[in-house]
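Basically the numbering used here = 1-based index in the sequence shown + 99. The beta-carbon is built from N, C-alpha and C at its ideal position, and this holds for glycine as well.
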Amino acid sequence: DAICNLRGVPATAPLARKLKAVDEEFHHLLDGGQTAKAEHVQALYAWKSKQATQDGKVAQQAEDETNTLGQAYLKFLDALSLDQSNTMYNLHVGRMLLLQGKTTEAQVRLQLSVGMNPKNQAARFYLGLAMAMLPKGHPQDRLGETVTFLNEGVEIVLAQRCALAEG
100 DAICNLRGVP ATAPLARKLK AVDEEFHHLL DGGQTAKAEH VQALYAWKSK QATQDGKVAQ
160 QAEDETNTLG QAYLKFLDAL SLDQSNTMYN LHVGRMLLLQ GKTTEAQVRL QLSVGMNPKN
220 QAARFYLGLA MAMLPKGHPQ DRLGETVTFL NEGVEIVLAQ RCALAEG
């Protein structure tokens with residue numbers, strides 16, 4: 100927001116206007132020969148532009164210690180450090196890593212959770228989601244398992260919704 104203020108853009112301005120201000124500062128620094136500062140501003144622009152998408156916003160919230168989602172992530176990490184064999188701690192750390200876009204790390208935590216409690220449908224669903232979100236080129240030898248995990252999760256959600264509607 101400091102760069103935005105420098106460029107005359109208030110903190111309440113829309114994200115698009117803030118991005119334009121950051122871009123203007125980037126070009127101003129480049130034109131002035133301050134490439135190191137320009138690179139820093141460019142990284143800030145990339146970070147700020149992630150806020151334009153819901154996924155990027157959630158990922159940033161899950162990493163931000165000042166945000167409640169980020170604080171929850173830290174609490175789950177603390178709990179996990181005390182008890183690595185707790186299936187729920189592994190599940191929730193895996194979910195948070197998934198929100199942050201760290202699919203490989205999330206998959207490890209979620210596999211541990213499923214391994215400790217194979218009947219935990221939430222862990223199985225999130226593991227399927229993590230497996231489906233792995234980067235292209237990653238071995239897909241577990242495609243059938245991925246689809247099974249996701250399908251089971253969707254079936255449970257649908258069954259719960261139907262029970263609520265009927266109830």
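- The alpha-carbon separation between Ile-102 and Glu-254 amounts to approximately 48 angstroms.
- Taking a C-beta distance under 8 angstroms as the contact criterion, Val-192 and Leu-176 qualify as a contact pair.
- Rounded to the nearest whole angstrom, the C-alpha separation of Val-140 and Gly-132 is 14 angstroms.
- Going by DSSP, Met-187 is part of the alpha helix (DSSP H) stretching over 186 to 198.
- Taken through DSSP and simplified to helix, strand or coil, Val-121 comes out as helix.
- Closest in C-alpha terms to Ala-229, from the list Glu-164, Leu-211 and Asn-216, comes Leu-211.
- Closest in C-alpha terms to His-126, from the list Arg-260, Arg-116, Glu-138 and Ala-115, comes Glu-138.
- Taking C-beta atoms under 8 angstroms as the contact rule, Thr-245 and Gly-266 fail to qualify, at a distance of about 32 angstroms.
- By the beta-carbon neighbour count (other beta carbons within 10 angstroms, threshold 16), Gln-170 is exposed.
- The DSSP-derived three-state label of Met-230 is helix.
- The C-beta of Val-256 has fewer than 16 other C-beta atoms within 10 Å across all chains shown, which makes the residue exposed.
- The straight-line gap separating the alpha-carbon atoms of Leu-233 and Leu-196 is approximately 13 angstroms.
- Collapsing the DSSP output to three states places Glu-164 in coil.
- Each of Arg-223, Ala-110, Gly-107 and Leu-198 was checked against the Cα of Thr-186, and the nearest Cα belongs to Arg-223.
- In the DSSP assignment, Arg-260 falls within the alpha helix (DSSP H) that extends over 242 to 265.
- Nearest to Glu-124 by C-alpha distance, out of Ala-142, Leu-209 and Asn-219, is Ala-142.
- With 16 or more other CB atoms across the displayed protein chains lying within 10 angstroms of its CB, Gln-199 is buried.
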